[in-house]
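Letter by letter, the sequence shown follows residues 619 to 1030 of this note's numbering. So the structure is just underneath, and the comments pick up after that.
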Amino acid sequence: MTDSFDRLKQDFPILNQVINDEPLVYLDNAATTQKPQTVLDAVETYYHTSNANVHRGVHTLAERATSQYEGSREVIRNFINAAETAEVLLTRGTTTSLNWVARSFGEVVVEAGDEILISYMEHHSNIVPWQQLAKKKQAKLVYVELTEDGQLDLDDFQNKLTDKTKIVSLTHVSNVLGVVNPIQQIADWVHEKNGYLVVDGAQAVPHMPVDVQALQADFYAFSGHKMLGPTGIGVLYGKRALLEQMEPVEFGGEMIDFVEEQDSTWKELPWKFEAGTPNIAGAIGLAVAVQYLERIGMENIAQHERELIEYVMPKLKQIKGLTIFGPEDLRFRTGVISFNIDGVHPHDVATAMDMEGVAVRAGHHCAQPLMTYLNQPATARASFYIYNTKADADKFVEAILATKEFFLNGLN
Ligand code: PMP
619 MTDSFDRLKQ DFPILNQVIN DEPLVYLDNA ATTQKPQTVL DAVETYYHTS NANVHRGVHT
679 LAERATSQYE GSREVIRNFI NAAETAEVLL TRGTTTSLNW VARSFGEVVV EAGDEILISY
739 MEHHSNIVPW QQLAKKKQAK LVYVELTEDG QLDLDDFQNK LTDKTKIVSL THVSNVLGVV
799 NPIQQIADWV HEKNGYLVVD GAQAVPHMPV DVQALQADFY AFSGHKMLGP TGIGVLYGKR
859 ALLEQMEPVE FGGEMIDFVE EQDSTWKELP WKFEAGTPNI AGAIGLAVAV QYLERIGMEN
919 IAQHERELIE YVMPKLKQIK GLTIFGPEDL RFRTGVISFN IDGVHPHDVA TAMDMEGVAV
979 RAGHHCAQPL MTYLNQPATA RASFYIYNTK ADADKFVEAI LATKEFFLNG LN
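Right, dumping it as structure tokens:
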């Protein structure tokens, strides 16, 4: 399987370059992915041939832009199997999507004394909006513990899920540990308690099949740029009945039906949430990215990443002084590997690996509560995607060994 992925690199012009005299090995895909030529072409062609504002004009270009923009929404709807395009809101990305849920839906359902349940493996964009809501409403933000090997502690989850829990907001896949959470099972538990489940899918939708109806999440957020699409475009899926109860977060042009001097009415879903001129080119680029992923097949992508991880993990385990975070059992993780080398700061690790042409990330990965929980100031992180190969995995291992040698001179 993985061999048939080897030719994908040629679709990504940026990958064909030399960094510090070495061919680039890009392993920072959890931060953002590279874009295939088809996506770059789609964005350029839109500006060359169809650029106009959407939903307003009657001239040919305006109609073209509108039909491409709304056509993109349909491509995305189909990809995540939402029941209707009214449930697919186009946003700036996961952060915006989660803020909209916290600020609009949270505003409707959370009251003083209620609890909002999140976990220690959340990204800041799935923590801070809930902190703000909790403060505003005098609600309590409760954290689910992790197991020893970095999975969500499901016993602790069930203990903390009570009649007071109004909203549960969890990541589908951790951007640090690569852990996949059992969202479908969790949705059942949350709904039994009459709570609502919000899912941060930023690290899931790019890497595995996601069917929002099967998952039964009430809201599901993700970003285009982590799945081969442009930056500045993302999605908030929400169940129609809930979106209808919510007020828009932003007000202005595009989202109104009728404006009088003192009051206004809103358009129907999904447009009532999309104030102002949207990221038209971004939506078009994202739809083409989705079509690219669909041609490969999301099951095949998940399998490819699993094969890469299964290939590289045993090699990493042989390296003395290397700590890898997250579950041992590779069935519970995607292609994200956070690691530290004893005695070398993660930032130095990333800098030294860059000297070998290998791009990895170092820092807290926007997950400071998780770093505290793991008792680490930071980690280095490699994250694999469709265009990475076994040769990249070998280069990754070599770069770690070279880094160790450089800093520790064989001492560790
Ligand atoms: N959640 C997770 C799990 C992420 O990995 C990220 C991106 N690092 C985000 C949320 C935020 O995504 P964005 O910056 O695209 O809004």
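Beta carbons are placed, not taken as given, at the ideal position from N, Cα and C, and that holds for glycine. Bear in mind the structure is a predicted one, so any value in this text is a computation, not a measurement.
Classify Asn958 as helix, strand or coil using the three-state DSSP reduction. strand
Only counting the same chain, and skipping five residues up and downstream in sequence, which positions put a Cβ closer than 7 Å to that of Thr684? Val672, His673
Expected contact under 8 Å - CB spacing of Ala899 and Tyr738 to nearest Å: Contact flag wrong, Cβ pair sits at about 38 Å.
Pair within 9 Å by beta-carbon distance, Glu917 and Leu948: no
Tell me which residues share the same chain as Asp850 and place their Cβ nearer than 6 Å to its Cβ, disregarding the 5 neighbours each side in the sequence. The sequence given here places Gly at residue 850; Asp does not occur at that position. Hits under 6 Å: Arg710, Asn897, Gly900.
Any Cβ of chain B within less than 9 Å of the Cβ of Gly900? The chain inventory of the structure shown lacks chain B, comprising one protein chain alone.
Out of Tyr838, Lys782, Trp718, Asn699, which one is the CA nearest neighbour of Leu735? Lys782
The alpha helix (DSSP H) with Glu733 in it runs from where to where? Not the alpha helix (DSSP H): Glu733 falls in the beta strand (DSSP E), residues 733 to 737.
Using only alpha-carbon positions, find the residue among Lys778, His825, Ala977, Gly675 that is nearest to Gly813. Lys778
Determine whether the beta carbon atoms of Gln686 and Leu846 lie at a separation below 9 Å. no
Going by the C-beta, is Gln821 closer than 8 Å to any heavy atom of ligand 1? yes
Would Ile632 be called buried (16 or more neighbouring beta carbons within 10 Å of its own) or exposed? exposed
One or two residues paired with Ile874 in a DSSP bridge: Trp884
Are Ala893 and Met873 closer than 9 Å when you measure CB to CB? yes
For a test of the three-state rule: what should DSSP assign to Leu759, helix, strand or coil? strand
Find out if the Cβ-Cβ distance for the pair Ala757, Val728 is shorter than 9 Å. yes
At least 3 beta-carbon pairs within less than 8 Å: the region 983 to 998 vs the region 737 to 752: yes
Residues in its own chain within less than 7 Å of Ala805 by CB, not counting five upstream and five downstream? Leu815, Leu833, Gln834, Ala835
Inspect the beta-carbon positions of Tyr991 and Leu764 and report whether they are closer than 9 Å. yes
What are the boundary residues of the beta strand (DSSP E) that includes Leu788? 783 to 789
Determine the direct distance from the alpha carbon of Asp966 to that of Val1015, and round the result to whole angstroms. 16 Å
To the nearest angstrom, how far is it from the Cα of Gln802 to the Cα of Phe840? 17 Å
Can you check the region 829 to 878 for any beta strand (DSSP E) of at least 3 residues that lies completely inside it and give the ranges in chain order? 837 to 841, 852 to 856, 874 to 877
Closer than 8 Å: Thr656 CB and nearest ligand 1 heavy atom: no
Return yes when the C-beta of Thr997 is under 8 Å from any heavy atom of ligand 1, and no when it is not. no
Among Arg691, Phe1002, Glu868, Ala1017, which residue has its Cα nearest to the Cα of Ala905? Arg691
Residue range of the alpha helix (DSSP H) that includes Arg924: 916 to 935
Along the beta strand (DSSP E) that carries Ala980, what are the first and last residues, could you check? 979 to 981
Using the C-alpha atoms, what's the distance from Val706 back to Gln863? 16 Å
When you compare each of Asp639, Leu772, Val719, Pro848 to Val746 by their alpha carbons, which one comes out closest? Val719
What is the rounded straight-line gap between the Cα of Gly689 and the Cα of Phe1024? 52 Å
Please report the straight-line C-alpha distance between Ala594 and Ala977, rounded to a whole angstrom. Look at the range of the chain in this structure, 619 to 1030, and you will see that residue 594 is not part of it.
The alpha helix (DSSP H) that contains Leu633, what's its start and end? No alpha helix (DSSP H) contains Leu633, which DSSP labels as neither H nor E.
Quick one: is Asn634 buried, meaning 16 or more other Cβ sit within 10 Å of its Cβ, or exposed? exposed
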